[in-house]
Amino acid sequence: MPVLSDIPIELDAREVVLALHQGKKVPPSLVSETRTAISKSRPWMHPRALYAWVSVREVAGEKVVLQPANGNQHVSLNLGPHADLMTAAELALVSVVTIGGELNRQVDALNKAGEFLGAYLIDSIGVVALAEVGKTVRRYAEEQAAARGWGVSAALAPGSLQGWPIEGQFDLCSLLPLDEIDVRLNESGVLVPFKSASSLIGTGRRYRSQKVGSVCRFCMRADTCWRRRK
Ligand code: SF4
Numbered sequence: 106m107p108v109l110s111d112i113p114i115e116l117d118a119r120e121v122v123l124a125l126h127q128g129k130k131v132p133p134s135l136v137s138e139t140r141t142a143i144s145k146s147r148p149w150m151h152p153r154a155l156y157a158w159v160s161v162r163e164v165a166g167e168k169v170v171l172q173p174a175n176g177n178q179h180v181s182l183n184l185g186p187h188a189d190l191m192t193a194a195e196l197a198l199v200s201v202v203t204i205g206g207e208l209n210r211q212v213d214a215l216n217k218a219g220e221f222l223g224a225y226l227i228d229s230i231g232v233v234a235l236a237e238v239g240k241t242v243r244r245y246a247e248e249q250a251a252a253r254g255w256g257v258s259a260a261l262a263p264g265s266l267q268g269w270p271i272e273g274q275f276d277l278c279s280l281l282p283l284d285e286i287d288v289r290l291n292e293s294g295v296l297v298p299f300k301s302a303s304s305l306i307g308t309g310r311r312y313r314s315q316k317v318g319s320v321c322r323f324c325m326r327a328d329t330c331w332r333r334r335k
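Heads up: the sequence shown begins at 106 in the numbering used here, then just goes up one per residue.
Below, the structure is given as C-alpha cells:
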C-alpha cells in the first residue's frame, strides 16, 4: 500500500504563534522562542502518510459503504447525520498520517522536568506539523480528482465529525495496514502515536469544490480547537 515518507513540513513561527493565540497580537519574544523550538523539534518529527483508494458503493442513511480495491469484503462506516457529505463520492481516499512518537516523548520529558511552557510549545508545534502532513494528502486527493475532472469533499474523520465517534476509527483503519507506518489503534480507537490522524475524502464528478475543505462547522471539537476555521 502506498506510503509517503518524503514529506516537507513548512513551519512558520509567526503562524504557529498566531494560531495558538487565535489571531491576537503576540509578543515578538514568543515568536523568537517558537522559532527556536521549531528548530529544536525538527529531528523529532518523522512524517509519513499511508493511503488507499476505495470505491464508494453507496450512502444509505447514516452509513457509507466502501469497497476496497484489493477485492476484500466491503466496509461499512457509520458516519452519522452528516453522511450526506459523501453522497457525491465515487472514489474515496482513506489515509492515516503521522509524525511519529518521538516528539511526544520529548514533550513528556519536558513536563516531567517541570518545563511546562516549553512542553506546551513543542506539543503545539507537533499539532501544526501533523496538520502540514495532512495537507500533503489533501493536495494529492485534489490533484487526482482534478486529473479526472472531478471535485472533492471535505476531509472527514472519526472523533471530529459530529455523529461519527472515535470508535469509527476501527472500521476506517481496517482499510489500511497501519503497521507499515508504525501506527496502531489503542483499545479506545485512538491512534498511537498520538500525533497521528486519519481521514476520509470523497472524490466524484458531482462535487463542486476543487479544494478539500474542513468540517469545522460540524466538528465535535470546534468549541475548544485553536485551529478552527470560520
Ligand atoms: S474544529 Fe479543529 S479539529 Fe475540528 S475540523 Fe476544524 S480544525 Fe479540525
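Glycine is no exception: its CB is placed at the ideal position from the N, C-alpha and C atoms.
Of Lys145, Trp269, Ala118, the smallest CA-CA separation from Ser134 is found for Ala118. A residue is listed when its beta-carbon falls short of 7 Å from at least one non-hydrogen atom of ligand 1; in chain order these are Ser265, Ser319, Val320, Cys321, Cys324, Arg326, Ala327, Cys330, Arg332, Arg333, Arg334.
Fully enclosed alpha helix (DSSP H) runs of no fewer than 4 residues occupy 273-278 of the region 261-289, in order along the chain.
With respect to the 9 Å criterion, Arg310 and Arg253 are classified as neighbours on the basis of their beta carbons.
With respect to the 9 Å criterion, Leu198 and Tyr156 are classified as neighbours on the basis of their beta carbons. Residues Ala193, Ala250, Thr308, Gly309, Arg310, Arg311, Tyr312, Arg313, Ser314, Gln315 of the same chain have their beta carbon placed closer than 8 Å to that of Gly256, with the five preceding and five following residues left out of the count.
Three or more Cβ pairs closer than 8 Å define a contact, and the region 225-237 falls short of that threshold against the region 272-285.
If you check the CB distance, Val317 and Ala259 come in under 9 Å. When beta bridges are read from the DSSP output, Trp158 appears opposite Leu198.
The three-state reading of DSSP puts Arg210 in helix, counting H, G and I together. In terms of Cβ geometry, Gly206 and Pro298 form a close pair [threshold 9 Å].
Residue burial annotation: Met106 is exposed, with fewer than 16 other C-beta atoms found within 10 angstroms of its C-beta. In this structure, DSSP gives Val232 a helical state, which the three-state scheme calls helix. As the crow flies, the alpha-carbon of Gln267 is around 9 Å from that of Arg326. When C-alpha distances from Leu116 are compared across Leu208, Arg147, Gln211, the shortest belongs to Arg147. Judged by DSSP in its simplified three-state form, Asn183 adopts strand.
By alpha-carbon distance to Gly239, the top candidate from Ala224, Ala262, Ser279, Pro186 is Ala262.
Ser301 sits away from Val320, with the two beta carbons spaced by 9 Å or more. If you look at Ser301, you'll find it in the beta strand (DSSP E) that goes 301-309.
Contact annotation: Met191 and Val212 have beta-carbon atoms that are not nearer than 9 Å. Separation of Arg162 and Glu195 (C-alpha to C-alpha, rounded to the nearest whole angstrom) is 8 Å. When the beta-carbon positions are compared, Ala236 and Leu208 stay at least 9 Å from each other. In this structure, the straight-line span from the alpha carbon of Val242 to that of Val164 is close to 23 Å.
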